[in-house]
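Heads up: take any position in the sequence shown, counting from 1, add 8, and you land on our numbering.
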Amino acid sequence: MVAEAAKRSFDDLVAEAESVSVDGWDFSWLDGRATEERPSWGYSRLMAERMARAHAALDVQTGGGEVLAGVPRLPAVTVATESWPPNITRAAARLRPRGVAVVADDDEPRLPFQDGAFDLVTSRHPVTTWWEEIARVLRPGGTYLSQEVGSGSVGELTEFFMGPQPHGTARDPERARAAAEDAGLEVLDLRWERLSTVFHDVGAVIYFLRKVIWIVPGFSAGRYRAELRELHDRIQDEGPFVAYATRFLIEARKPLPA
Numbered sequence: 009m010v011a012e013a014a015k016r017s018f019d020d021l022v023a024e025a026e027s028v029s030v031d032g033w034d035f036s037w038l039d040g041r042a043t044e045e046r047p048s049w050g051y052s053r054l055m056a057e058r059m060a061r062a063h064a065a066l067d068v069q070t071g072g073g074e075v076l077a078g079v080p081r082l083p084a085v086t087v088a089t090e091s092w093p094p095n096i097t098r099a100a101a102r103l104r105p106r107g108v109a110v111v112a113d114d115d116e117p118r119l120p121f122q123d124g125a126f127d128l129v130t131s132r133h134p135v136t137t138w139w140e141e142i143a144r145v146l147r148p149g150g151t152y153l154s155q156e157v158g159s160g161s162v163g164e165l166t167e168f169f170m171g172p173q174p175h176g177t178a179r180d181p182e183r184a185r186a187a188a189e190d191a192g193l194e195v196l197d198l199r200w201e202r203l204s205t206v207f208h209d210v211g212a213v214i215y216f217l218r219k220v221i222w223i224v225p226g227f228s229a230g231r232y233r234a235e236l237r238e239l240h241d242r243i244q245d246e247g248p249f250v251a252y253a254t255r256f257l258i259e260a261r262k263p264l265p266a
């Protein structure tokens, strides 16, 4: 696929990447065209282990349900929330046959569940983590497990299109620890890694930016055609475009009463 893409014209690559669907949270269209280094801790495995021991679980911002659908053994009560209508449809199709309740939610507090409803809450790459709400819906002794995107992820790609950007700390792991503790949770595990993301053709970049809309806000191939042409020529002359992402794993527990 990489070799084939290298031979294709700029216009062909742009047209193809603009026409493909970006619904859901499945990136398999990028196979052979882009690679993303994965964190060493294996979030899906950790999630599956905790799901197998839980009685009632909530997966927040489930996307199209891709990660939750891969869990071999789900709790008797499993609920997933999602806000984007196309993803809600995909998640329902994947998860409802397995007995998962898929709830449309706007990702803002309050979560539409009673206090202490779950002994496990999970979320992979949440847009925002509402720690007080996580603590509220957890039972005493229950845990929250999440893999989050760190600050400045794929910043090289953002700055290629938009120029130098301020480097914020809103997604700093230690800030997440402090927020969890402020909500009354005990942080059990916190790990951070810097990982490479490699794009082999400009079509892969277009697809990625159409799907991950916060990397270059307001992106469209028409709006950034000159930059895309420059990037295509650069990849042709120098090889793949490499950017770096940060990920951190956080696990926290709601203490039992004294």
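We put the CB at the ideal spot given by N, CA and C, even for glycine.
I need the straight-line Cα distance from Val157 to Ala84, nearest angstrom please. In the sequence shown, the residue the question calls residue 157 occupies position 149. In the sequence shown, the residue the question calls residue 84 occupies position 76. Their backbone Cα atoms lie some 30 angstroms apart in a straight line.
What is the DSSP secondary structure of Trp222, counted as helix, strand or coil? Position 214 of the sequence shown holds residue 222. In this structure, Trp222 counts as coil in the three-state DSSP scheme.
Own chain partners of Ala188 with C-beta closer than 6 angstroms, once the 5 adjacent residues on each side are dropped: To locate residue 188, count along the sequence shown from 1; it is residue 180. Spatial neighbours of Ala188 in its own chain (CB-CB distance under 6 angstroms, excluding positions within 5 residues in sequence) are listed in chain order as Trp139, Val195 and Ala260.
Against chain D, with Cβ distances strictly below 7 angstroms, would Ala234 count as a contact? Checking the listed chains, one finds no chain D in this structure; it contains a single protein chain.
Distance between Asp190 and Ala62 (C-alpha atoms, nearest Å): By one-based count along the sequence shown, residue 62 stands at place 54. By one-based count along the sequence shown, residue 190 stands at place 182. One Cα belongs to Ala62, the other to Asp190, and the distance between them is close to 25 angstroms.
Just to check my reading of the structure: Phe249 and Ile258 have Cβ atoms closer than 8 angstroms, yes? What is that Cβ distance to the nearest angstrom? Working through the sequence shown from its first residue, we reach residue 249 at position 241. Working through the sequence shown from its first residue, we reach residue 258 at position 250. That pair is no contact at about 30 angstroms.
Given Arg118 as reference, the closest of Gly72, Arg144 and Leu103 once Cα atoms are compared: Against the sequence shown, residue 118 aligns to sequence position 110. Of the listed residues, the one whose Cα sits closest to Arg118 is Arg144.
Alpha carbon of Pro80 to alpha carbon of Met59, nearest angstrom: Translated into positions along the sequence shown, residue 80 becomes position 72. Translated into positions along the sequence shown, residue 59 becomes position 51. One C-alpha to the other measures close to 9 angstroms.
Helix, strand or coil at Gly211 according to DSSP, with G and I counted as helix: As a first step, residue 211 must be located in the sequence shown, where it is residue number 203. In this structure, DSSP gives Gly211 a helical state, which the three-state scheme calls helix.
Per DSSP, what are the beta-bridge partners of Ala65 in this structure? As a working note, residue 65 is residue 57 in the sequence shown. Looking at the DSSP assignment, Ala65 forms a beta bridge with Thr86 and Leu128.
Kindly give me the distance between the Cβ atoms of Phe216 and Ala42, rounded to whole angstroms, as I take these residues to be in contact under 8 angstroms. Within the sequence shown, residue 216 is the residue found at index 208, counting from 1. Within the sequence shown, residue 42 is the residue found at index 34, counting from 1. Confirmed, Cβ separation roughly 7 angstroms.
Three-state secondary structure (DSSP) at Ser52? The residue you call residue 52 lines up with position 44 of the sequence shown. DSSP places Ser52 in helix when its eight states are reduced to three.
Measuring only the C-alpha atoms, how far is Val110 from Leu128? Translated into positions along the sequence shown, residue 110 becomes position 102. Translated into positions along the sequence shown, residue 128 becomes position 120. Val110 and Leu128: Cα-Cα distance of roughly 16 angstroms.
Any idea if Ser29 is buried or exposed, counting beta-carbon neighbours within 10 angstroms, 16 or more meaning buried? Numbered from its first residue, the sequence shown carries residue 29 at position 21. So Ser29 ends up on the exposed side.
From Gln155 to Glu235, what distance separates their C-alpha atoms? Taking the sequence shown and counting its residues from 1, the one referred to as residue 155 is at position 147. Taking the sequence shown and counting its residues from 1, the one referred to as residue 235 is at position 227. Each residue's alpha carbon lies about 32 angstroms from the other.
Tell me whether Pro263 sits in a helix, a strand or coil according to DSSP, three-state version. Mapped onto the sequence shown, residue 263 falls at position 255. Correct three-state label for Pro263: coil.
Enumerate in chain order the residues of its own chain whose CB-to-CB distance from Ala112 is below 6 angstroms, with the five nearest sequence positions on each side excluded. On the sequence shown, residue 112 is found 104 positions in, with the first residue counted as 1. Cβ-Cβ distances below 6 angstroms link Ala112 to Ile96 in the same chain, with the five nearest sequence neighbours on each side left out; the list follows chain order.
Taking the alpha-carbon positions, what's the Phe126 to Asp31 distance? Numbered from 1 along the sequence shown, position 118 holds the residue referred to as residue 126. Numbered from 1 along the sequence shown, position 23 holds the residue referred to as residue 31. When rounded, the distance between both Cα atoms is 29 angstroms.
When DSSP labels each residue in this structure, what does Gly163 get in the three-state scheme? Sequence index remark: in the sequence shown, residue 163 carries index 155 (1-based). Here Gly163 sits in helix by DSSP.
Could you check which residue in Glu90, Pro225, Ala100 and Val75 has the C-alpha nearest to that of Arg120? Here the question's residue 120 lines up with position 112 in the sequence shown. Here the sequence assigns Pro to residue 120, which means Arg is not the residue at that position. Pro120 has its Cα closest to that of Glu90, out of Glu90, Pro225, Ala100 and Val75.
Comparing alpha-carbon positions, which option in Pro225, His208, Trp33 and Glu44 lies nearest Arg202? Looking up residue 202 in the sequence shown gives position 194. The residue with the shortest Cα to Cα distance from Arg202 is Glu44.
Have a look at Leu146, Leu153, Trp222 and Gly71 and flag the residue whose alpha-carbon is nearest the alpha-carbon of Arg53. Looking up residue 53 in the sequence shown gives position 45. When each option's Cα is compared against that of Arg53, the closest is Leu153.
Rounded distance between the beta-carbons of Val108 and Leu66, thought under 8 angstroms: Along the sequence shown, one-based indexing puts residue 66 at 58. Along the sequence shown, one-based indexing puts residue 108 at 100. Contact doesn't hold; Cβ gap of about 10 angstroms is too wide.
Looking only at its chain, what residues have a beta carbon closer than 6 angstroms to the beta carbon of Gly71, apart from the 5 residues adjacent to it on each side? Locating residue 71 in the sequence shown gives position 63, counting from the first residue. Trp33 and Asn95, listed in sequence order.
With a CB to CB cut of under 6 angstroms and the five nearest residues on each side skipped, what residues in its chain are close to Lys219? Within the sequence shown, the letter at position 211 stands for residue 219. Here the set comprises Val30.
Distance check for Lys262 and Arg147, CA to CA, integer angstroms please. Taking the sequence shown and counting its residues from 1, one reaches residue 147 at position 139. Taking the sequence shown and counting its residues from 1, one reaches residue 262 at position 254. Answer to the nearest angstrom: the Cα atoms are 7 angstroms apart.
Suppose contacts are defined by Cβ-Cβ distances below 7 angstroms. Is Pro181 in contact with Leu198 by that definition? Indexing the sequence shown from 1 puts residue 181 at position 173. Indexing the sequence shown from 1 puts residue 198 at position 190. Closer than 7 angstroms, so yes.
Candidates Val162, Met170, Asp115 and His175: which alpha carbon is nearest Ala4's? Since the first residue shown for the chain is 9 and the last is 266, residue 4 is missing from the structure and cannot be characterised.
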